[in-house]
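S.K.: For what it's worth, the working numbering labels the leading residue of the sequence shown as 4, then goes sequentially. Sending over a structure as structure tokens; questions will come in a sec.
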Amino acid sequence: MPFLARQGLQVMEPKENFIRAITYDDPAYIPYPGENFQVQVRFEGNFQKANWTDHWGVGWRITLEEFVPFPKVNPLPDLTRLEDYRFPDPSALTIGEEMRATLARPDRERLFITGALMYLLFERAWALMGMEAFMMAFYTHPAEMHELLQRITDYNIQVFDRYLELGVDAISFSEDLGSQKALMISPQTFREFFLPEYERCFRRVLDAGKFVRFHSCGCVQDIASDLAGIGVSILNPVQARANDLARVKAEAMAGGMALEGGIDSHLLVIGTPEEVRRETLRVMSILGPGGGYVLAPDQGMLWPEENYRAMIETVMAHGHYPLAV
């Protein structure tokens with residue numbers, strides 16, 4: 004049953020409310036985890052939680068149990084070899100049985116379906132090259148770096164076109180750009196090398212009326228307005244300890260970009276339920292006004308059940324509009 008129906012207020016289905024929230028279109032309440040309408044699909048061949056080699060030639064290895072694999076074999080460590088590198092075929096990604104079943108669900112209309120791609124551009128390029136060689140190449144081989152990023156973007160566009168043909172509501176991807184203190188590259192380098200490729204990559208998705216969910220961990224506050232300016236629909240996870248939440252909210256709201264996340268996962272792990280309630284109210288008071296906010300932890304991990312429940316109970320009790328937090 005929809006959140007507001009339980010409170011005796013106006014009923015709004017979760018999918019409609021979510022879309023209203025991310026478009027600043029008078030949502031009834033702040034969306035939150037567990038509403039059971041969001042579904043993610045992913046082509047097979049893009050990601051495995053295993054020791055494996057992908058079709059880019061990157062060798063992935065699990066270095067710590069329960070962690071995602073790390074790119075330990077880098078097939079393009081030197082951009083002087085770029086002309087010899089064979090880029091993969093996007094059509095080689097296949098539709099698996101789980102994805103097929105999701106797309107065929109009889110209740111598909113009530114679902115918000117996101118097509119996911121791991122390792123978009125920054126992450127894909129450094130996985131191909133290795134981090135040290137990748138960082139050096141902006142200065143030693145800028146022309147080749149532009150070419151590499153353009154060709155990766157060409158691949159991504161074709162993958163996103165396939166998702167559009169399947170009728171997804173949004174596309175998402177991993178693209179971690181920040182450390183805990185700052186971007187891993189300068190804002191100037193970001194704007195020169197990455198921003199034009201992102202704009203080109205997202206254009207057909209946005210022109211089709213679909214949404215772009217941009218995932219980047221770390222400190223990304225210096226480029227929030229840039230991402231909003233090229234039409235990014237949602238930025239997540241908005242790490243609470245790495246960003247000035249008020250600054251990111253102001254810059255996102257000015258550009259019509261929604262924010263998803265913002266609840267300190269560190270506090271969710273070590274805090275008390277009362278501390279979690281206070282933090283949830285605080286974050287809602289910063290990120291919630293005017294819409295454009297989807298509440299969630301700023302990282303995925305295991306939390307004490309009572310703390311997670313305190314977060315959900317707080318948004319359910321105080322997250323309806325007009326906000327009174």
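Using N, Cα and C, we set each Cβ at its ideal position, and we do this for glycine too. This structure is a prediction, so every number in the text was calculated from the model and none was measured.
(1) With a threshold of 8 Å, are at least 3 pairs of Cβ atoms found where one atom belongs to the region 170-180 and the other to the region 215-233?
(2) Short of 7 Å in beta carbon distance, which residues of its chain neighbour G60, apart from the five on each side in sequence? Order them along the chain.
(3) Given that a residue counts as buried once 16 or more other Cβ atoms are within 10 Å of its Cβ, and exposed if not, what is S182?
(4) Quick one: give me the first and last residue of the alpha helix (DSSP H) that T117 is part of.
(5) Hey, could you find the ends of the alpha helix (DSSP H) N239 is sitting in?
(6) Quick one: is D87 buried, meaning 16 or more other Cβ sit within 10 Å of its Cβ, or exposed?
(7) Are the beta-carbon atoms belonging to F21 and P36 less than 9 Å from one another?
(8) Does G133 come out as helix, strand or coil in the three-state DSSP assignment?
(9) In angstroms with no decimal places, state the Cα-to-Cα distance between V162 and T275.
(10) Evaluate the contact criterion for the region 189-200 versus the region 238-252: three or more CB pairs, one atom per stretch, below 8 Å.
(11) So, are the CB atoms of L298 and V279 less than 9 Å apart?
(12) Any heavy atom of the ligand FMN closer than 8 Å to the CB of V215?
(13) Compute the beta-carbon to beta-carbon distance between I160 and C204, rounded to the nearest angstrom, for a pair I have assumed lies under 8 Å.
(14) Are the CB atoms of V208 and T117 nearer to each other than 9 Å?
M.R.: Taking the geometry as given:
(1) As far as the Cβ criterion goes, the region 170-180 touches the region 215-233, which means the pair count is three or higher.
(2) Only residues of its own chain outside the window of five on either side were considered, and among them P78 have a CB closer than 7 Å to the CB of G60, listed in chain order.
(3) So S182 ends up on the exposed side.
(4) First-last for T117: F115 to L120, but that is the beta strand (DSSP E), not the alpha helix (DSSP H).
(5) Segment I237 to N239 is the beta strand (DSSP E) holding N239; no alpha helix (DSSP H) there.
(6) So D87 ends up on the exposed side.
(7) No, Cβ-Cβ distance for F21 and P36 is not below 9 Å.
(8) The answer is coil: DSSP assigns G133 none of H, G, I, E or B.
(9) Between V162 and T275, the C-alpha separation is close to 43 Å.
(10) The region 189-200 and the region 238-252 do not touch, with fewer than 3 CB-CB distances between them shorter than 8 Å.
(11) Their beta carbons are not under 9 Å apart, which means L298 does not touch V279 by this criterion.
(12) Ligands displayed in this structure: none; no statement on the ligand FMN is therefore possible.
(13) Contact holds; Cβ gap of about 6 Å.
(14) Going by beta carbons, V208 and T117 fall outside the 9 Å limit.
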